[in-house]
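Comments concern the structure below.
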Amino acid sequence: MHDPRGREIDYLRISVTDRCNLRCFYCMPSEGVKPILHKEILTYEEITRIVRIAAPIGIRKVRLTGGEPLARKNIAFLVASLKSIDGIENLSLTTNGVLLERYAEELVSAGLDRVNVSLDSLRPDRYREITRGGSLEQVLRGIEKAHEAGLRPVRINMVPIRGYNDDEIEEFARITLQKPYQIRFIEFMPAGSGELWSPEKYVPVDEIKSIVGRIGRLTPVKLRRSGPARYFRFDGAPGVVGFINAVSHKFCRECNRLRLTADGKLRPCLFAETEIDLKTPMRSGVPDREIERLIRLSIEVKPEEHNIGCRDGAPFPKLRPMSKIGG
Ligand code: SAM
Ligand code: SF4
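First residue of the sequence shown? That's 495 in the numbering used here, and the numbers climb one at a time after it.
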């Protein structure tokens with residue numbers, strides 16, 4: 495289905511939980527955020543029903559996210575249920591990688607196609623500090639295992655934050671010289687409590703790209719389903735580097751997605767507060783056609799573009815923490 499601006503909406507990101515086994519300092523406070531009550535979280539049956547109704551409307555791609563999706567019990571069961579829905583062509587998952595070594599094979603057997611691993615430092619001490627306790631070793635083993643298990647491509651997402659990890663941008667990009675991974679740099683966004691974000695900490699994509707460009711010549715590559723990222727390859731490299739300028743240059747014109755929160759709200763835009771509640775009507779017993787109407791409505795009201803900006807000094811709205819939207 496196309497929205498009123500002609501964008502084809504074929505991608506649904508589903509946050510399956512707002513809980514997490516890490517506490518990345520830029521995403522969650524150390525004490526965590528007040529969790530959504532268990533009974534308010536969509537069940538796997540409810541999520542599957544929504545995707546079954548959304549597929550004929552045009553949803554082809556589904557990504558599971560969180561919180562930490564691998565921290566939800568028996569996530570492979572959900573993967574298998576979604577994979578069996580006609581029309582779902584690509585099923586992926588975004589994870590911090592902590593439990594990936596343990597679950598990679600089971601996820602592949604259940605039908606998972608791809609994985610994105612979030613990793614913001616390659617130095618064990620710094621990684622532990624950023625995530626407030628995570629083990630880099632464990633995540634690196636998870637990444638290897640994901641590749642061995644056949645998840646393609648393995649993608650690593652890094653958020654450079656000035657003064658914290660921006661000195662590692664080059665090291666991350668160099669991974670693509672050795673490994674067939676996609677290394678993607680994502681601009682730091684003013685989400686969460688908003689206290690951490692500041693124009694000084696934010697590193698724009700243009701700057702990240704010029705740092706990466708010091709390594710060697712970058713040739714643009716056109717990848718299928720590249721979404722808002724722009725990809726490049728160093729001569730002869732097995733992997734590619736990607737850049738997502740979520741803040742500095744809006745990618746809204748190419749936005750093809752809807753988001754479903756763990757408590758059953760459909761969000762047409764990451765940065766807008768508009769949410770359409772699917773859980774309450776579902777639990778009150780409405781038929782599929784009513785859920786379909788609500789999904790179509792959320793596509794119809796998808797905003798033209800987000801309203802955050804940093805070039806003209808426009809104020810940043812305080813957003814729900816990413817752990818509650820799904821990143
Ligand atoms: N726990 C999983 C993970 O870390 O991959 C999935 C959920 S997490 C909220 C999804 C993504 O959001 C992560 O890649 C994380 O780096 C990103 N994220 C969280 N807060 C962010 C922020 N303020 N700016 C940019 N990305 C952010
Ligand atoms: Fe957890 Fe992911 Fe947020 Fe880190 S970025 S605290 S891993 S939800």
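Backbone N, C-alpha and C define an ideal beta-carbon position, used for all residues, glycine too.
In the three-state DSSP reduction, proline 797 falls in the coil class, being neither helix nor strand. For the options Leu772, Thr537, Val741, Ile553, the alpha carbon positioned closest to that of alanine 723 is the one of Val741. Aspartate 729 is a Cβ neighbour of arginine 711, given a cutoff of 9 Å. Going by DSSP, glycine 736 is part of the beta strand (DSSP E) stretching over 734-738. The DSSP-derived three-state label of phenylalanine 726 is strand. Annotation note: the region 589-652 contains the following uninterrupted alpha helix (DSSP H) runs of length 4 or greater, listed N- to C-terminal: 594-604, 618-625, 630-643. Short of 6 Å from the beta carbon of asparagine 659, and not among the five residues preceding or following it, lie these beta carbons of its own chain, in chain order: Asp614, Ser615. The three-state secondary structure of aspartate 771, taken from DSSP, is strand.
Secondary structure at leucine 717: coil, using DSSP grouped into helix, strand and coil. For aspartate 757 and threonine 774, the gap between their C-alpha atoms comes out near 10 Å.
For isoleucine 702, there is no enclosing beta strand (DSSP E); the enclosing alpha helix (DSSP H) covers residues 699-706. Not one heavy atom of the ligand SAM sits closer than 8 Å to the Cβ of glycine 644.
In this structure arginine 608 is not in contact with serine 578, their Cβ atoms being roughly 18 Å apart against a cut-off of 8 Å. Within the region 658-700, the complete beta strand (DSSP E) segments at least 3 residues long are 676-680, listed from N- to C-terminus. Judged by DSSP secondary structure, isoleucine 535 falls outside any beta strand (DSSP E); it is assigned neither H nor E.
Contact between the region 704-718 and the region 767-781 is absent: fewer than 3 CB-CB pairs across the two stretches fall below 8 Å.
With a contact defined as Cβ atoms closer than 8 Å, serine 612 and threonine 588 qualify at about 7 Å.
Counted as a single uninterrupted DSSP element, the beta strand (DSSP E) harbouring lysine 555 occupies residues 555-559. With respect to the C-alpha of glycine 733, the residue from Trp691, Arg649, Gly707, Ile702 having the closest C-alpha is Arg649. The shortest CA-to-CA distance from isoleucine 530 to any of Arg787, Cys514, Ala598 is the one to Cys514. Separation of threonine 511 and lysine 528 (C-alpha to C-alpha, rounded to the nearest whole angstrom) is 12 Å. Burial check for valine 715: the Cβ neighbour count within 10 Å stays below 16, so the residue is exposed. CA-CA distance, glutamate 662 to cysteine 763, rounds to 30 Å.
The beta carbon of glycine 581 lies closer than 8 Å to those of Ala549, Pro550, Ile553, Arg554 in the same chain, with the five residues before and after it left out.
By alpha-carbon distance to asparagine 750, the top candidate from Lys796, Gln632, Thr559 is Lys796. Of the residues Ser704, Asn610, Ile702, Arg718, the one whose Cα lies closest to the Cα of glutamine 676 is Asn610. In terms of Cα proximity to isoleucine 785, the closest of Gly500, Thr542, His532 is Thr542.
The Cβ atoms of arginine 635 and glycine 628 do not sit closer than 9 Å to each other.
Set against 8 Å, the gap from the CB of serine 612 to the closest heavy atom of the ligand SAM is smaller. Rounded to the nearest whole angstrom, the C-alpha separation of lysine 759 and leucine 772 is 6 Å. In this structure phenylalanine 737 is buried. Its beta-carbon is surrounded by 16 or more other beta-carbon atoms within 10 angstroms. The ligand SAM never approaches glutamate 694 closely enough for any of its heavy atoms to be under 8 Å from the residue's Cβ. Burial state of serine 792 is buried, judged by a 10 Å Cβ sphere holding 16 or more other Cβ atoms.
Leucine 752 sits close to leucine 506, with the two beta carbons spaced by under 9 Å. CA-to-CA, the gap between isoleucine 544 and valine 573 works out to about 14 Å.
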